[in-house]
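In our numbering, the protein residues as written are 102 to 454. Note that beta-carbon positions come from the ideal geometry of N, C-alpha and C, so glycine has one too. Accompanying notes for the structure given below.
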């Protein structure tokens with residue numbers, strides 16, 4: 102049983118910033134995320150994309166934002182349960198909660214903060230007969246470890262940023278990269294489209310358009326794909342490959358959270374935004390993109406604000422009747438749970454002659 106003060110469901114930017122705000126109030130946090138690494142959508146969907154609306158950063162890559170948030174909260178020593186999905190919520194007689202993951206890991210906390218972004222993501226799968234047979238045997242819907250494709254023949258299908266960016270990235274790792282799209286036009290960053298054009302001209306990427314993968318070859322593992330090309334005359338042909346990666350985006354779903362007894366509206370969790378972003382279950386909060394209230398904006402900076410107020414409310418629940426005086430970090434400094442301290446240099450009193 103993992104015990105903590107605040108159990109955070111989701112290790113995206115909002116969840117990570119909540120660790121920092123909770124730490125200022127001397128509360129420990131543990132985070133659960135179905136993804137294998139912290140960062141949420143920033144790490145999984147667009148790590149190399151710039152973000153322009155983070156205060157103080159005219160431009161910052163999504164992956165760098167995650168690294169900065171991890172660095173910011175590390176002195177408060179958060180715990181992580183990664184690669185596991187929060188499955189069940191049980192409220193005990195004393196008002197605390199037990200959250201169990203799909204792998205059976207149990208977590209006990211007086212406060213649960215749901216910071217699950219848009220929910221748990223499920224890949225949009227192409228309609229190909231028997232594709233499930235090849236999943237994890239040559240068919241992957243997300244690229245977690247690029248080294249898996251070193252010196253392999255890879256076919257990528259898709260026409261958006263993920264398909265373009267991974268084709269570019271794997272062109273220096275894989276033996277052969279083939280990009281297939283059902284249209285001649287790509288919907289992605291202009292520089293990525295230009296880069297794929299350059300790599301195609303240099304023979305580093307094979308481009309097949311307009312076309313789509315309609316079949317998979319191989320007994321137990323992928324050995325190739327069947328492609329239907331449609332320009333003037335439809336024709337089918339085979340491409341030899343070790344991996345087929347369809348990148349058609351991800352569909353957000355609330356998943357098991359929808360069965361927790363929470364009030365749901367438009368596939369999001371209703372909260373009381375007039376006070377503290379608490380749900381209809383006392384002690385359970387929802388912050389970031391996963392919540393909904395009048396005037397809601399799904400922006401990272403709004404998630405940061407919601408996380409801050411949530412932590413203030415959580416402090417009152419964990420410490421009933423105890424008064425907390427808000428102090429600015431420029432004045433009070435920051436004492437980490439790991440023994441470190443950050444503080445502004447003390448003023449020096451000195452006479453000027």
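Sorted by chain position, which residues of the same chain lie with C-beta nearer than 6 Å to residue 121's C-beta, five sequence neighbours on each side aside?
By one-based count along the chain shown, residue 121 stands at place 20. Excluding sequence neighbours, residue 121 sits near 173 and 174.
Going by Cα to Cα distance, which pick from 114, 129, 191 and 131 is closest to residue 162?
Here the question's residue 162 lines up with position 61 in the chain shown. Answer by Cα proximity: 114.
Span of the alpha helix (DSSP H) holding residue 353?
The count along the chain shown starts at 1 and reaches residue 353 at position 252. Segment 351-354 is the beta strand (DSSP E) holding residue 353; no alpha helix (DSSP H) there.
Segments assigned alpha helix (DSSP H), at least 4 residues, entirely inside the stretch 249-275:
262-271
I'd like the span of the alpha helix (DSSP H) that includes residue 168, first residue to last.
Here residue 168 corresponds to residue number 67 of the chain shown, with the count starting at 1. Note, residue 168: alpha helix (DSSP H), 163-174.
Taking the alpha-carbon of residue 366 as reference, which of 392, 343, 436 and 348 has the nearest alpha-carbon?
Along the chain shown, read from residue 1 onward, the residue named residue 366 stands at position 265. The option with the nearest alpha carbon to residue 366 is 392.
Contact between the stretch 203-215 and the stretch 323-340 is defined here as three or more beta-carbon pairs at a separation below 8 Å; is this criterion met?
no
Give the DSSP-derived three-state secondary structure of residue 120 in the structure shown.
Indexing the chain shown from 1 puts residue 120 at position 19. Helix.
Flag this pair as yes or no: are the beta carbons of residue 257 and residue 278 separated by less than 8 Å?
By 1-based counting over the chain shown, the position of residue 257 is 156. By 1-based counting over the chain shown, the position of residue 278 is 177. In contact: residue 257 and residue 278 (Cβ atoms closer than 8 Å).
Which residue's Cα is closest to the Cα of residue 342: 368, 386 and 275?
The count along the chain shown starts at 1 and reaches residue 342 at position 241. Answer by Cα proximity: 275.
On the DSSP letters alone, give me the boundaries of the beta strand (DSSP E) that residue 386 sits inside.
Numbered from its first residue, the chain shown carries residue 386 at position 285. 385-387 is the extent of the beta strand (DSSP E) around residue 386.
Are there three or more Cβ pairs, one per stretch, closer than 8 Å when the stretch 418-429 is compared with the stretch 141-155?
no
At least 3 beta-carbon pairs within less than 8 Å: the stretch 181-194 vs the stretch 310-318
no
The stretch 218-229 contacting the stretch 372-382, beta-carbon criterion three pairs below 8 Å:
no
Just to confirm my understanding: we take residue 178, look at its own chain, exclude 5 residues before and 5 after, and list those with CB closer than 6 Å. What are they?
Here residue 178 refers to the residue found at position 77 when the chain shown is read from its first residue. Excluding positions up to five away in sequence, the list reads 438 and 439.
Just how far apart, CA to CA, sit residue 265 and residue 286?
On the chain shown, residue 265 is found 164 positions in, with the first residue counted as 1. On the chain shown, residue 286 is found 185 positions in, with the first residue counted as 1. Whole-angstrom Cα-Cα distance: 12 Å.
Pull up the CB-CB distance for residue 297 and residue 268, whole angstroms please, since I reckon it's below 8 Å.
In the chain shown, the residue the question calls residue 297 occupies position 196. In the chain shown, the residue the question calls residue 268 occupies position 167. Yes, they are in contact, since the Cβ atoms of residue 297 and residue 268 sit about 6 Å apart, within 8 Å.
What residue from 110, 116 and 301 has the CA that sits closest to residue 361's CA?
Here residue 361 refers to the residue found at position 260 when the chain shown is read from its first residue. Nearest of 110, 116 and 301 to residue 361, Cα basis: 110.
Helix, strand or coil at residue 282 according to DSSP, with G and I counted as helix:
Taking the first residue of the chain shown as position 1, residue 282 is located at position 181. Residue 282: coil per DSSP, three-state reduction.
Classify residue 179 as helix, strand or coil using the three-state DSSP reduction.
If you number the chain shown from 1, residue 179 lands on position 78. Residue state, collapsed to three classes: coil.
Among 383, 321, 395 and 444, which residue has its Cα nearest to the Cα of residue 191?
On the chain shown, position 90 is the one that residue 191 refers to. The shortest Cα separation from residue 191 among 383, 321, 395 and 444 belongs to 383.
Using a Cβ-Cβ cut-off of 6 Å (strictly less than) and excluding sequence neighbours within five positions of residue 129, which residues of its own chain qualify?
Translated into the one-based positions of the chain shown, residue 129 becomes position 28. Once the five neighbours on either side are set aside, the close Cβ partners of residue 129 are 105 and 106.
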